[in-house]
Amino acid sequence: MIRNFFLADDDQDDKELFEEALRNIDNHIEFHTAPNGKELINQLFTANVEPEIIFLDINMPELDGWESLKKIQQDDRLRTIPVVMYSTSAMVLDGNKAIKAGAVCYLEKPPSFIKLKDFLEKIIVSSKDGLIDTLKTIEASKTHNLLVA
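When we follow UniProt numbering, the leftmost residue of the sequence shown carries the number 1, and every step to the right adds one.
Laid out in structure tokens, this is it:
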């Protein structure tokens with residue numbers, strides 16, 4: 001089971017919604033946040049935060065999601081952490097760019113709390129090794145707008 005999440009997002013409402021969805025699923029899940037990519041990278045390198053999965057918003061101040069993903073992919077320890085690029089944009093080009101840059105998938109932010117919770121429930125029960133298969137099953141079901149590597 002995936003028990004340790006990190007969300008980098010500059011939208012406070014989105015962070016609170018994400019955390020509430022996780023808490024509704026399981027109150028014992030570890031949840032870390034950063035308001036931008038710069039703070040994410042700082043926490044990953046200096047605070048000994050070891051997430052099992054990172055959700056990374058694309059449009060953030062200081063260091064955007066693309067540059068953050070690049071820094072994650074350049075580090076031997078961090079590149080093994082699955083990264084989900086997470087954005088309000090439904091552009092196919094962004095999805096393809098995310099996959100090419102090393103993300104495990106590109107997820108359009110779900111339009112409701114129920115959809116977000118449903119998505120998180122499905123990935124929490126998977127193991128880190130089974131995450132891609134779980135994401136591909138979700139992609140095939142067309143219940144969420146995502147593109148999987």
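All C-beta atoms in this analysis are idealised placements derived from N, C-alpha and C, irrespective of residue type, glycine included.
**Message:** For S87, count the other beta carbons within 10 Å of its own beta carbon; 16 or more makes it buried, fewer makes it exposed. Which is it?
**Reply:** buried
**Item:** Three-state secondary structure assigned by DSSP to N4
**Value:** strand
**Item:** Beta-carbon spacing of L107, N145 below 9 angstroms
**Value:** yes
**Asked** In three-state DSSP terms, what is V148?
**Response** strand
**Request:** Alpha carbon to alpha carbon, how far is D76 from F113? Give it in angstroms, no decimals.
**Result:** 35 angstroms
**Request:** Indicate the three-state DSSP secondary structure (helix, strand or coil) for V84 in the structure shown.
**Result:** strand
**Cα-Cα separation between F45 and K71, rounded to whole angstroms** = 11 angstroms
**Message:** Quick check on DSSP: helix, strand or coil for D13?
**Reply:** helix
**Request:** Measure the CB-CB distance between G65 and G95 and report whether it falls below 9 angstroms.
**Result:** no
**Asked** Hey, V83 and L120 are a contact pair by Cβ (cut 8 angstroms); roughly how many whole angstroms apart?
**Response** Between L120 and V83 the Cβ distance is about 16 angstroms, and since that is not below 8 angstroms, they are no contact.
**Minimum C-alpha distance to S89 - residue among L78, K109, I81 and A103** = K109
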